[in-house]
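J.:
Residue numbers (this note's numbering): 7 to 251.
1. Suppose you measure from the CA of residue 134 to the CA of residue 67; what does that come to, to the nearest Å?
2. Mapping DSSP to helix, strand and coil, what is residue 134?
3. According to the neighbour-count rule (16 or more other Cβ atoms, all chains shown, within 10 Å of its Cβ), is residue 71 buried or exposed?
4. Note down the Cα distance separating residue 117 from residue 145, rounded to an integer number of angstroms.
5. For residue 240, does the count of other Cβ atoms within 10 angstroms reach 16, so buried, or fall short, so exposed?
6. Cutting at 8 Å between CB atoms, please list the residues of its own chain near residue 69, excluding the five before and the five after it.
7. For a cutoff of 8 Å on Cβ pairs, would you count residue 121 as touching chain B?
8. Please return the same chain residues whose Cβ sits closer than 7 Å to the Cβ of residue 175, not counting the five positions on each side in sequence.
9. Kindly indicate which residue of 245, 38, 207 and 85 has the alpha-carbon position closest to the one of residue 59.
10. Give a yes or no on whether the C-beta atoms belonging to residue 252 and residue 26 are separated by under 8 Å.
11. What ranges does the beta strand (DSSP E) occupy inside the segment 10–38, keeping only unbroken runs of at least 3 residues that lie completely in it?
12. Rounded to whole angstroms, what's the CA-CA distance from residue 101 to residue 39? Just pull it up for me.
13. Using only CA atoms, which one of 237, 220 and 33 lies nearest to residue 151?
14. Since residue 177 and residue 209 should fall inside the 8 Å C-beta cutoff, what is the C-beta to C-beta distance between them, to a whole number of angstroms?
Here it is in structure tokens:
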């Protein structure tokens, strides 16, 4: 089936956040992300300039590579674009939660999503970058389709709600009064929220007030990349067999 001009124009709009929000759809690029999207049942159809490409389970729409270039956000894209429905967030939590307070960099966000899943932080609340930003999708390597993830418009309200649900809120700070992250140990059944802040400004003051524990990572340099710091902290906090001191 050939992609119509109107379909092309509608798809092109999805490169802009406003239209993604209005339509509840987003685009993905490349076969790897397409294969990951298939597992989630969010993939609606595939657009390709490869006239020999076929898929028994997903509708294919053929177009020119010129159109692929206009739908893509990279200079030399693969000839495959997928149309996906937005992820339906589950408003209940069964896992440790990663909270990202005013993250700016899409690459950092995508990396943090991948890392969070690796260490069983399957619920992710994001304030800042749109989770459907193309750079987020690429750097997540498809992990976004396995996470319970959403963008929040009121992080303070969300954290207060979770605090009432007996979650313990841990925040990473560049603060001498904070405790070494390795000294923060939990019981097996404790429910944990890890808050990571903005790349340059850290966690906002109104969120710091909600923290139950303030921790830091000792380093011989000014600071760590937030994705690296998040990986270190999630790896430690996932070790629930350690008992709280």
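The C-beta atom is built at its ideal place from N, Cα and C for all residues, glycine as well.
T.: So, from the listed chains and residues:
1. Translated into the one-based positions of the chain shown, residue 134 becomes position 128. Translated into the one-based positions of the chain shown, residue 67 becomes position 61. Cα to Cα, the separation comes out at about 34 Å.
2. Taking the chain shown and counting its residues from 1, the one referred to as residue 134 is at position 128. Note: residue 134 maps to strand in three-state DSSP.
3. Stepping through the chain shown from its first residue, residue 71 is reached at position 65. Under this definition residue 71 is an exposed residue.
4. Residue numbering aside, residue 117 sits at position 111 when the chain shown is read from its first letter. Residue numbering aside, residue 145 sits at position 139 when the chain shown is read from its first letter. One C-alpha to the other measures close to 6 Å.
5. Numbered from its first residue, the chain shown carries residue 240 at position 234. Counting Cβ neighbours within 10 Å, residue 240 comes out buried, since at least 16 surround it.
6. Numbered from 1 along the chain shown, position 63 holds the residue referred to as residue 69. Excluding sequence neighbours, residue 69 sits near 8, 9, 14, 53, 54 and 55.
7. Here chain B cannot be found, since the structure has a single protein chain.
8. Counting from one through the chain shown, the residue named residue 175 turns up at place 169. Around residue 175: 165, 169, 199, 201, 216, 217 and 218.
9. Your numbering for residue 59 matches position 53 in the chain shown. Nearest of 245, 38, 207 and 85 to residue 59, Cα basis: 85.
10. No statement about residue 252 is possible, as the shown extent of the chain runs from 7 to 251 and does not include it.
11. 31–35
12. In the chain shown, residue 101 corresponds to position 95, counting from 1. In the chain shown, residue 39 corresponds to position 33, counting from 1. When rounded, the distance between both Cα atoms is 25 Å.
13. Translated into the one-based positions of the chain shown, residue 151 becomes position 145. Checked all of 237, 220 and 33; the closest Cα to residue 151 is 33.
14. For the purposes of this step, residue 177 is taken as residue 171 along the chain shown, with counting starting at 1. For the purposes of this step, residue 209 is taken as residue 203 along the chain shown, with counting starting at 1. Confirmed, about 5 Å.
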